[in-house]
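Engineer: Following UniProt numbering from start to finish, the sequence shown increments by one per residue and tops out at 505.
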Amino acid sequence: MIRGILDSLAHEVAVIDEAGKVLAVNERWLRFGRENGVAPGANSAGVDYLGAIRPAAAAGDPVASAVLEGLLALLAGKRRDFTLEYPCQTPDRMLWFVMHAARTDWRPGAVVISHTDITERVEAEQRLLEATEKLREADTRKDEFIATLAHELRNPLTPIKNAAYLLRRQLPDFDKKERSVALLSMVDRQTTHLLHLVDDLLDLSRISCGKIGLKRETVDLREILRHSVEVAQRNIEMGAHKLEVSLPETPMSVYGDPVRLAQVFANLLDNAAKYTQHGGAIRLSAEPRGAEAVVLVSDNGLGIPADMLPRIFDLFTQVDRKIARPRGGGLGIGLALVKRLLELHGGTIEAHSEGPGKGSSFIVRLPAVARGGAETAQGSAPHELRTTLRVLVIEDNRDVAESLQMLLETAGAMVRAAYDGATGLDMLTSFNPDIVLLDLDLPGMDGYETARLIRASPQGRGVKLVALTGWGPEQAFERVRAAGFDRLITKPASLRALQQLFDEA
Ligand code: ADP
Numbered sequence: 001m002i003r004g005i006l007d008s009l010a011h012e013v014a015v016i017d018e019a020g021k022v023l024a025v026n027e028r029w030l031r032f033g034r035e036n037g038v039a040p041g042a043n044s045a046g047v048d049y050l051g052a053i054r055p056a057a058a059a060g061d062p063v064a065s066a067v068l069e070g071l072l073a074l075l076a077g078k079r080r081d082f083t084l085e086y087p088c089q090t091p092d093r094m095l096w097f098v099m100h101a102a103r104t105d106w107r108p109g110a111v112v113i114s115h116t117d118i119t120e121r122v123e124a125e126q127r128l129l130e131a132t133e134k135l136r137e138a139d140t141r142k143d144e145f146i147a148t149l150a151h152e153l154r155n156p157l158t159p160i161k162n163a164a165y166l167l168r169r170q171l172p173d174f175d176k177k178e179r180s181v182a183l184l185s186m187v188d189r190q191t192t193h194l195l196h197l198v199d200d201l202l203d204l205s206r207i208s209c210g211k212i213g214l215k216r217e218t219v220d221l222r223e224i225l226r227h228s229v230e231v232a233q234r235n236i237e238m239g240a241h242k243l244e245v246s247l248p249e250t251p252m253s254v255y256g257d258p259v260r261l262a263q264v265f266a267n268l269l270d271n272a273a274k275y276t277q278h279g280g281a282i283r284l285s286a287e288p289r290g291a292e293a294v295v296l297v298s299d300n301g302l303g304i305p306a307d308m309l310p311r312i313f314d315l316f317t318q319v320d321r322k323i324a325r326p327r328g329g330g331l332g333i334g335l336a337l338v339k340r341l342l343e344l345h346g347g348t349i350e351a352h353s354e355g356p357g358k359g360s361s362f363i364v365r366l367p368a369v370a371r372g373g374a375e376t377a378q379g380s381a382p383h384e385l386r387t388t389l390r391v392l393v394i395e396d397n398r399d400v401a402e403s404l405q406m407l408l409e410t411a412g413a414m415v416r417a418a419y420d421g422a423t424g425l426d427m428l429t430s431f432n433p434d435i436v437l438l439d440l441d442l443p444g445m446d447g448y449e450t451a452r453l454i455r456a457s458p459q460g461r462g463v464k465l466v467a468l469t470g471w472g473p474e475q476a477f478e479r480v481r482a483a484g485f486d487r488l489i490t491k492p493a494s495l496r497a498l499q500q501l502f503d504e505a
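1) Thinking C-beta only, is Leu261 closer than 9 Å to Leu315?
2) Identify whether Gly256 lies in helix, strand or coil by the three-state DSSP scheme.
3) Between which residues of its own chain and Lys215 is the CB-CB distance below 6 Å, once the five residues before and five after are set aside?
4) In angstroms with no decimal places, state the Cα-to-Cα distance between Ile212 and Ala456.
5) Using the three-state DSSP reduction, which class does Arg3 fall into: helix, strand or coil?
6) Inspect the beta-carbon positions of Leu243 and Ile282 and report whether they are closer than 9 Å.
7) Is it buried or exposed, Phe145, if we count other Cβ atoms within 10 angstroms and call 16 or more buried?
8) Flag Ile312 as yes when its Cβ comes closer than 8 Å to any non-hydrogen atom of the ligand ADP, and as no otherwise.
9) Check whether the Cβ of Ile304 lies closer than 8 Å to any heavy atom of the ligand ADP, and answer yes or no.
10) Between which two residues does the alpha helix (DSSP H) harbouring Lys339 extend?
11) Taking the DSSP output, what are the residues bridged to Ala360?
12) Use the C-beta contact count for Ser228: other C-beta atoms within 10 angstroms, 16 or more gives buried, fewer gives exposed.
13) So is Ser246 buried or exposed if we call it buried at 16+ other beta carbons inside 10 Å?
14) According to the neighbour-count rule (16 or more other Cβ atoms, all chains shown, within 10 Å of its Cβ), is Gly77 buried or exposed?
15) Across which residues does DSSP place Met94 in a beta bridge pair?
16) As a quick exercise: from Tyr255, Leu465 and Lys358, pick the residue whose alpha carbon is nearest that of Glu343.
17) What are the partner residues of Pro288, as DSSP defines its beta bridges?
18) In its own chain, which residues sit with a C-beta less than 6 Å from the C-beta of Glu350, not counting the 5 before and 5 after it?
19) Compare the Cα-Cα distances from Glu449 to each of Arg496, Gly484, Leu309 and Leu194 and report the closest residue.
20) Could you check how far apart the C-beta atoms of Gly303 and Ala273 are, in whole angstroms? I think they sit under 8 Å.
21) Going by alpha carbons, who is nearest to Ile236 out of Leu268, Ser205 and Glu223?
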């Protein structure tokens with residue numbers, strides 16, 4: 001009778017008595033033994049089940065040991081049941097089972113053992129794990145690729161931008177033709193656009209690697225908004241849009257990174273200008289609401305379809321990739337960056353739109369700082385660079401070095417350029433500079449080593465030592481400082497960063 005019941009079960013089942021001898025096994029148990037040349041234990045009535053396991057357990061087989069220990073505990077009445085997942089090597093392949101053993105009331109002291117084949121599930125889990133691992137690797141490779149791509153794209157832009165700047169300044173002396181002015185302005189505009197794209201890519205990879213560092217301070221949000229208007233002004237004017245700005249009369253203090261926050265609002269204003277037909281209306285307003293500072297950026301432009309609204313802040317999302325954008329397209333990164341930068345500030349952003357053609361509005365909320373004490377945010381970028389300091393540039397990329405040299409000379413500085421660390425050290429002695437701009441990625445003796453030697457030399461002790469890096473501010477500043485540097489500047493050095501440096505020196 002018991003055999004009949006056991007045969008109806010969809011598992012390999014055996015019942016053993018209080019002494020560990022097999023009382024009954026079902027048909028599946030026997031079949032498994034026949035087909036695979038192995039049986040999960042002894043296979044016919046009267047066999048000493050425990051005895052069959054003992055040699056393997058004594059030889060240190062972990063599965064046999066665990067089974068023996070579990071069954072002994074059950075037979076001694078110390079446990080009611082136990083479960084164990086284990087692999088079973090057959091001549092063809094590796095199978096996986098889950099073994100469950102439990103005391104039964106059917107006969108005092110007896111134990112029912114069942115084995116269930118879970119090979120399919122385990123193999124599916126393994127495949128999933130492998131696929132996940134591959135995806136993770138691909139994702140990491142993608143992040144690394146983006147970082148490298150951005151880095152490589154940024155390098156040639158530095159000399160181009162410097163050259164365009166210099167040529168435009170010199171233009172009245174050698175060429176007054178309108179056409180040249182227009183061409184140079186075009187070079188400048190396009191490089192600026194390219195720089196923005198590359199900067200977005202760089203920021204993106206910094207954020208996905210958790211490497212973005214915020215320089216937070218208490219700032220008046222109104223200053224930041226005014227600055228972001230200046231940044232976006234050009235695109236707003238090019239679209240002939242009317243911008244209405246409404247800011248409160250009293251300061252709105254927030255604790256944030258002024259540069260990053262200005263980037264957030266400039267991005268929203270840029271989008272409003274980009275996605276609104278010529279001659280549109282854009283509004284920027286801000287007001288304190290309870291413990292929050294609330295900023296609204298709205299436009300009467302293309303609007304956003306309802307089904308896109310929930311996805312608009314996802315990476316690489318664009319409502320219509322084919323849309324013509326007179327001032328250059330984007331990569332669908334801007335809003336994702338905006339959202340993540342705001343989150344880093346403890347803030348939020350929402351997008352609203354009544355639908356296509358009905359305009360869009362973006363509402364930003366930032367935690368407000370309770371009371372005054374707001375320092376003003378950084379002013380706008382200086383248009384002119386002025387200095388009479390002596391500057392030594394050590395940079396292996398000749399185009400970068402030479403264009404930087406010309407830029408600084410135009411500003412009034414005395415400049416020498418060296419293309420490797422050793423020559424730089426020689427020049428330090430002969431030239432006696434006030435400031436050394438030193439690339440970190442020099443071939444051979446790198447920037448760190450060169451910096452240590454500069455600091456060790458008599459002329460180098462008092463000099464202002466500035467590290468130039470193409471990798472952005474995530475470069476470990478501790479290491480840079482330990483090598484003797486005073487400052488770290490990301491290439492291309494902006495006019496603002498250079499002027500700040502000269503003002504401090
Ligand atoms: P990008 O502008 O580079 O495409 P963003 O992340 O800044 O990337 O924006 C994503 C998409 O959201 C845009 O492609 C556009 O379709 C839509 N969008 C953003 N801002 C607006 C706006 N003010 N009005 C209409 N659509 C917008």
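C-beta: ideal position from N, C-alpha, C; glycine also. Values in this document were obtained by computation on a predicted structure and should not be read as measured data.
Structural biologist: Let me lay it out:
1) No Cβ-Cβ contact shorter than 9 Å links Leu315 with Leu261.
2) The three-state secondary structure of Gly256, taken from DSSP, is strand.
3) A distance below 6 Å between beta-carbons, with the five flanking residues on each side excluded, links Lys215 to the following residues of its chain, in chain order: Asp257.
4) Those two C-alpha atoms are separated by around 33 Å.
5) Judged by DSSP in its simplified three-state form, Arg3 adopts helix.
6) Their beta carbons are under 9 Å apart, which means Leu243 touches Ile282 by this criterion.
7) Phe145 should be labelled exposed.
8) Yes, Cβ of Ile312 sits closer than 8 Å to a heavy atom of the ligand ADP.
9) A distance criterion of 8 Å places the beta-carbon of Ile304 in contact range of the ligand ADP, judged by its closest non-hydrogen atom.
10) Looking at the DSSP string, the run of the alpha helix (DSSP H) that includes Lys339 is Gly334 to Leu344.
11) Reading the sequence as shown, one finds Ser at residue 360 and not Ala. DSSP lists Asp299 and Ser353 as partners of Ser360.
12) In summary, Ser228 is buried, with 16 or more beta-carbon neighbours lying within 10 Å of its beta-carbon over all protein chains present.
13) Flag for Ser246 reads exposed.
14) Around the Cβ of Gly77, a 10 Å sphere holds fewer than 16 other Cβ atoms; the residue is exposed.
15) Paired residue(s): Gln89.
16) Minimum Cα-Cα distance from Glu343 among the listed residues Tyr255, Leu465 and Lys358 corresponds to Tyr255.
17) Pro288 has Ala293 as its beta-bridge partners, per DSSP.
18) Excluding sequence positions up to five before and after Glu350, its CB lies within less than 6 Å of the CB of Ile363, all in the same chain and listed in chain order.
19) Per the Cα distances, Gly484.
20) About 15 Å separates the beta carbons of Gly303 and Ala273, which is beyond the 8 Å limit, so they are not a contact pair.
21) Distance check between Ile236 and each of Leu268, Ser205 and Glu223 places Leu268 closest, using alpha-carbon atoms only.
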